[in-house]
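J.: Dropping a structure here in structure tokens format, bear with me for questions.
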Amino acid sequence: MQTKGAAAYSALREAILDGRFAPGSRLTGQTLADELGMSLTPVREALRLLATQGLVEHDPHRGTRVAPLAPESIEETYRLRRVLEPMACELAAQHATADDLAEIEAAMSAFASAVDDKRHDDLPELNAILHHRIYAAAQSPLLLEFIDRLWLRIPFQAMSLVRHQEQKTAEHQAVVTAIVGRRRKAAGRAMLQHITNSTQATLARAKAMEGGSDQEVS
Numbered sequence: 014m015q016t017k018g019a020a021a022y023s024a025l026r027e028a029i030l031d032g033r034f035a036p037g038s039r040l041t042g043q044t045l046a047d048e049l050g051m052s053l054t055p056v057r058e059a060l061r062l063l064a065t066q067g068l069v070e071h072d073p074h075r076g077t078r079v080a081p082l083a084p085e086s087i088e089e090t091y092r093l094r095r096v097l098e099p100m101a102c103e104l105a106a107q108h109a110t111a112d113d114l115a116e117i118e119a120a121m122s123a124f125a126s127a128v129d130d131k132r133h134d135d136l137p138e139l140n141a142i143l144h145h146r147i148y149a150a151a152q153s154p155l156l157l158e159f160i161d162r163l164w165l166r167i168p169f170q171a172m173s174l175v176r177h178q179e180q181k182t183a184e185h186q187a188v189v190t191a192i193v194g195r196r197r198k199a200a201g202r203a204m205l206q207h208i209t210n211s212t213q214a215t216l217a218r219a220k221a222m223e224g225g226s227d228q229e230v231s
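Under my numbering, the first residue of the sequence shown carries the number 14, and numbering increases by one thereafter.
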């Protein structure tokens with residue numbers, strides 16, 4: 014059974030990742046506790062965990078707020094992604110099992126179907142699932158852990174998925190096709206191109222959202 018702390022964490026993390034709590038928004042513990050219908054203790058526990066993941070930050074003078082999407086932080090994160098994620102794709106092409114490949118292709122199909130059906134709200138989660146399936150197939154737990162932490166630095170709402178759906182689908186498919194074909198270098202190159210194309214779109218999206226900073230969540 015899920016504890017109240019875990020339930021608060023899941024609810025707050027989802028609210029941050031889907032953009033209901035904008036970057037820079039102040040988070041008031043008692044307000045959040047009232048909204049979630051629980052005491053302050055599990056909310057504080059959840060906020061501490063979110064802080065360790067880089068999703069919120071606490072300042073003694075300004076209180077707790079959703080981590081802002083600073084352009085410098087985004088650029089650094091994507092610089093590291095351009096190294097680690099192509100590496101994971103090359104390893105996936107080499108080490109993926111038949112079950113891994115089936116899961117990757119199923120995740121690719123789910124993402125493409127959501128694009129075709131214009132289910133925009135589903136795209137961020139399906140995008141994350143597809144990437145995670147690919148990186149898990151590299152059979153490198155430490156590499157997967159590093160990549161997961163980088164993804165936490167760029168919440169889903171900063172990603173421009175809706176405007177460039179067809180492009181993202183084609184880029185994802187190029188990666189998947191190379192992995193299934195066991196073409197290591199091609200898989201790495203395809204992912205490198207995908208992340209490079211995403212960098213500017215993410216930076217533009219983050220700047221467009223800066224107007225929501227310093228608002229208090231109510």
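Just so it is clear, CB atoms sit at the ideal spot from N, CA and C, and this is done for glycine as well.
Going by alpha carbons, who is nearest to K220 out of L49, H71, E85 and A46?
T.: Against the sequence shown, residue 220 aligns to sequence position 207. Comparing Cα-Cα distances from K220 to each of L49, H71, E85 and A46, the minimum goes to E85.
J.: Mind checking which residues open and close the beta strand (DSSP E) that includes Q71?
T.: The sequence position of residue 71 within the sequence shown is 58, counting from 1. The residue you asked about is not Gln; residue 71 is His in the sequence shown. Start and end: V69 to D72.
J.: Just to confirm before moving on: does the CB-CB distance between L82 and P36 stay below 8 Å?
T.: By 1-based counting over the sequence shown, the position of residue 82 is 69. By 1-based counting over the sequence shown, the position of residue 36 is 23. Their beta carbons are under 8 Å apart, which means L82 touches P36 by this criterion.
J.: For the stretch 14-30 against the stretch 56-68, are there 3 or more C-beta pairs whose distance is under 8 Å?
T.: Flag = yes, the stretch 14-30 and the stretch 56-68 touch.
J.: Going by DSSP, name the residue or residues bridged to G76.
T.: As a first step, residue 76 must be located in the sequence shown, where it is residue number 63. D72.
J.: Report the rounded CA-to-CA distance for L30 versus R218, giving the unit in angstroms.
T.: By one-based count along the sequence shown, residue 30 stands at place 17. By one-based count along the sequence shown, residue 218 stands at place 205. About 14 Å.
J.: Since I believe A64 is in contact with H71 (beta carbons under 8 Å), could you give me their beta-carbon distance rounded to a whole number of angstroms?
T.: Position 58 of the sequence shown, counted from the first residue, corresponds to residue 71. Position 51 of the sequence shown, counted from the first residue, corresponds to residue 64. Confirmed, Cβ separation roughly 6 Å.
J.: What number of angstroms, rounded off, separates the C-alpha of V69 from the C-alpha of R75?
T.: Residue numbering aside, residue 69 sits at position 56 when the sequence shown is read from its first letter. Residue numbering aside, residue 75 sits at position 62 when the sequence shown is read from its first letter. Distance between the alpha carbons of V69 and R75: 12 Å.
J.: Can you tell me where the alpha helix (DSSP H) holding A183 begins and where it ends?
T.: The residue you call residue 183 lines up with position 170 of the sequence shown. Residues Q178 to V193.
J.: If you draw a straight line from the C-alpha of Q186 to the C-alpha of G67, how long is it?
T.: Locating residue 186 in the sequence shown gives position 173, where the first residue counts as 1. Locating residue 67 in the sequence shown gives position 54, where the first residue counts as 1. Approximately 30 Å, taken between the alpha carbons.
J.: What are the boundary residues of the alpha helix (DSSP H) that G37 is part of?
T.: Translated into the one-based positions of the sequence shown, residue 37 becomes position 24. Run containing G37: none; DSSP gives neither H nor E here.
J.: Just checking L139 against the ligand ZN - is the residue's beta carbon closer than 7 Å to any of the ligand's heavy atoms?
T.: Here there are no bound small molecules, and the ligand ZN is not part of this structure.
J.: Taking contact to mean at least 3 C-beta pairs separated by less than 8 Å, is the stretch 124-137 in contact with the stretch 107-114?
T.: With a cut-off of 8 Å, the stretch 107-114 and the stretch 124-137 do not count as touching, because too few Cβ pairs lie within range.
J.: Give the secondary structure of Q213 by DSSP, where H, G and I count as helix, E and B as strand, and everything else as coil.
T.: Locating residue 213 in the sequence shown gives position 200, where the first residue counts as 1. Q213: helix per DSSP, three-state reduction.
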